[in-house]
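Residue numbers (this note's numbering): 1 to 618. Glycine residues also receive a C-beta, built at the ideal position from the N, C-alpha and C atoms.
In C-alpha cells:
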C-alpha cells in the first residue's frame with residue numbers, strides 16, 4: 001500500500017497521541033527537575049540525613065498522640081481512673097514538648113540547607129553567565145536573565161527550604177496513619193479510604209492545569225522585570241522624548257498580564273481547598289455514622305472512634321498540604337527548568353582543550369580570508385584580510401552596519417571566525433586561552449559602562465594590582481585628573497551604575513584611563529572619543545601618542561582628528577574591505593571614502609593643516 005492510499009488515523013487518535021506525548025514530556029521534565037533539586041541538597045548529605053532523622057522523629061511523635069488520646073479515653077475517662085488519665089495526659093504533654101523542640105531544630109536546619117543550596121546554585125548560575133558567549137546576551141533581554149536569578153530562585157528556595165521535608169513528613173504520615181487505621185479496624189479504615197481515589201483524581205486534574213498556569217506567571221513576571229529594567233536604564237531618553245505616559249501604559253499592560261496570570265493561579269488554588277475540606281468533612285461524617293454503628297455493635301470502643309477522628313484529621317492534613325505544596329512544587333519545577341535552561345547552555349566560544357596561555361604579544365595582527373555571520377542565513381563579513389604590524393595604528397571607517405564592530409568582536413574573540421583565521425604573532429587566537437588573550441587588549445567602547453563604586457576602582461578594573469600613583473598617572477595622561485581631583489572625595493567618589501552622574505565625555509575619559517592602565521599590547525578604540533570636545537580630544541591624542549608606540553591600535557573612527565595620523569585606513573562596506581591606504585590616497589582613489597568625507601566631515605570638522613580624513617558609524 002502506498003503512502004498516498006494508506007488510511008489516516010482517526011483525528012481523535014492523533015490528538016490522543018499528541019496529548020500523550022506532551023504528558024510524557026512534562027513527566028520527564030518534572031522528574032528531571034526533582035532529581036536536580038535533590039542533587040542541590042546532596043552536597044550537604046550529613047545535614048540532610050540529620051534533617052530526615054528529625055523529620056521522622058516528628059512523624060513518630062505525631063502518630064503516637066491519637067493513640068495516647070484513645071488510651072486516655074478508654075482507660076481513664078470511660079474506666080473512671082483519674083490516675084491513669086493523669087499519667088496519659090502528662091505523657092501527651094511530654095510528646096508535644098519533644099515534637100516542638102525537634103520541630104524547631106528541623107526547621108532551622110532545613111532553612112539553612114535551603115539557603116546554602118540556593119547560595120551555591122546562584123553562584124553557579126552567576127559563574128556560568130560569566131562563561132557564556134556574547135551571542136547569549138545579545139539574544140536575550142537583561143530583565144529576563146535577572147528574573148531567573150532572582151524570582152525563579154525564590155520559587156526554588158521555597159521548595160528546598162520546606163517543600164522536600166514536608167513531602168517526606170506527609171508521605172510517612174499518610175502511610176503510617178493508613179497502617180494504624182487498618183490495625184484498629186479494617187472495616188472502618190476501608191470505608192474511610194474509599195475517599196482516597198477522589199483525592200487522587202483531584203490531584204490528576206489539577207496537575208494538568210497548574211504547570212501551564214505557573215509557567216505563565218514566571219514568563220509574565222520576567223516581562224515586567226525586563227520592562228522595569230529598560231525604563232530605569234533608559235529614563236533619560238524617555239524623558240527627553242516625553243514618552244512617560246506611553247511607557248507607563250506599556251508597563252501597565254505587562255503588569256496586568258502578570259496580574260491576570262497570578263489571579264488565574266490563585267483562583268485555581270482557591271477552588272481546590274474548599275473541595276478538599278468537603279472531602280475531609282465526608283470522611284468525618286463516615287466515621288461518625290459508620291463508627292457509631294460499630295460502637296453500638298461493640299466492635300470498637302469510643303476511644304478508638306475518637307482516635308479515628310484524630311487520625312482522619314491528621315490524614316487529611318498531609319493531603320491538604322500536599323495539594324498546597326503542589327502549587328509550590330510547580331512553581332519550583334518551572335523555576336528549575338528556567339534556571340537550568342541557562343546552566344545547560346554551553347558557551348559558543350570556549351577555550352580548546354589544548355589551548356595555551358598567550359605569550360606577551362609584539363602585536364603583529366593578521367586576518368586571513370576571514371568570513372563570519374551571526375546566523376546561518378546571512379554573512380556579515382566576506383574574505384577579510386588585514387595586516388597590522390608592530391607599532392601601527394589601523395583605522396576602520398565606513399557606513400553604518402558595514403561590519404567594523406564585527407571585525408573588532410572577532411579580534412577580541414567575542415565570536416569566532418567561521419572562515420579563515422586570525423593570528424597574533426603567528427598564533428591562531430582560537431588556540432589561545434581567551435582570558436590571556438583579552439588581558440593584553442585595552443578596549444574603549446563608544447557606550448562606556450562604569451560600575452557602581454569609586455572612580456579609582458573603575459579605572460583600576462582591568463588591572464586590580466595597580467597602585468594609586470599609577471591610577472593618578474593614567475588619569476593625568478587622558479586629561480581627567482583635574483576633574484576627578486576637584487570632586488569632594490577625589491578618586492574615592494562613588495559613581496552609580498553606568499556613571500549616570502557623569503557627562504558622556506567624562507565617562508569616556510575614565511574608560512580611556514581604564515584601558516591604558518592595563519598597558520595593552522593591542523589598543524582598541526571603538527569611537528571612543530566621539531563625545532569628547534575637540535580640545536580634550538586633542539590633548540588626549542597628544543598625551544597618548546607615545547603610548548601607541550610598541551603596540552597595535554585599532555580605531556573605529558567617528559571624527560577626522562581620531563584617525564588623521566593612522567598608519568593605515570581600511571574602508572569597510574557590506575562586510576568587505578573596499579579600499580586600503582592613507583587618507584590622501586583614499587580621497588583620490590576610493591569613491592566611498594571620498595563620499596563619506598564630503599557628506600560627514602568637510603563642513604563639520606576642523607581639519608588640521610595639510611590633513612583630512614573620513615570615518616563612519618560602527
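Annotation for residue 161: no beta strand (DSSP E) segment contains it, and DSSP assigns it neither H nor E. Minimum Cα-Cα distance from residue 131 among the listed residues 464, 490, 419 and 413 corresponds to 413. When DSSP assignments are scanned along the segment 104-144, the uninterrupted stretches of alpha helix (DSSP H) that are 4 or more residues long and fall wholly within it turn out to be 134-138. Restricted to the segment 553-598, the beta strand (DSSP E) segments that are unbroken, complete and at least 3 residues in length are 568-573 and 576-581, listed in chain order. Taking every protein chain shown into account, the CB of residue 66 has 16 or more other CB atoms within 10 angstroms, so this residue is buried.
Per DSSP, residue 441 is one residue of the beta strand (DSSP E) stretching across 441-444.
In this structure residue 434 does not touch residue 526 by the C-beta definition: roughly 19 Å separates them, more than the 8 Å allowed. Counting only residues of its own chain and dropping the five nearest sequence neighbours on each side, residue 231 has a CB closer than 7 Å to the CB of 238, 247 and 251.
Under DSSP, residue 66 shares a beta bridge with no residue. When beta bridges are read from the DSSP output, residue 48 appears opposite no residue. Here the segment 250-264 lies against the segment 210-229, with 3 or more beta-carbon pairs under 8 Å apart. Residue 575 is a Cβ neighbour of residue 382, given a cutoff of 8 Å. Here the segment 362-371 lies against the segment 410-430, with 3 or more beta-carbon pairs under 8 Å apart.
Taking 8 Å as the upper bound for CB-CB distance, residue 159 and residue 328 are in contact here, some 6 Å apart. Under the Cβ criterion (8 Å, minimum of three pairs), the segment 386-406 does not count as touching the segment 336-350. Cβ neighbours of residue 493 within its own chain (closer than 6 Å, five residues either side excluded): 455 and 487. For residue 382, the three-state secondary structure derived from DSSP is strand.
Relative to the Cα of residue 311, the nearest Cα in the group 292, 386, 377 and 192 belongs to 192. Taking a 10 Å sphere around the C-beta of residue 305, we find 16 or more other C-beta atoms and assign the residue as buried.
The three-state secondary structure of residue 470, taken from DSSP, is helix. Note that the C-beta distance between residue 418 and residue 483 is not below 8 Å. Buried is the label assigned to residue 223, since at least 16 other Cβ atoms lie within 10 Å of its Cβ.
Taking the Cβ atoms as the reference, residue 471 lies roughly 7 Å from residue 491, within the contact range of under 8 Å.
Put simply, of 319, 465, 357 and 409 the residue whose alpha carbon is nearest the alpha carbon of residue 198 is 319.
Apart from sequence neighbours up to five positions away, the residues of its chain that approach residue 63 with a beta-carbon distance below 6 Å are 176, ordered along the chain. The beta-carbon distance between residue 397 and residue 596, rounded to whole angstroms, is 7 Å. This is short enough to meet the 8 Å contact definition.
With a cutoff of 8 Å on beta-carbon distance, residue 187 and residue 109 are scored as not near each other. Rounded to whole angstroms, the gap between the alpha carbons of residue 40 and residue 102 is 24 Å. According to the DSSP secondary-structure assignment, residue 182 is paired through a beta bridge with no residue.
When the alpha-carbon of residue 261 is set against those of 400, 219, 284 and 46, the nearest one is in 219. Secondary structure remark: continuous beta strand (DSSP E) runs of at least 3 residues inside the segment 381-413, in chain order: 381-388 and 393-397.
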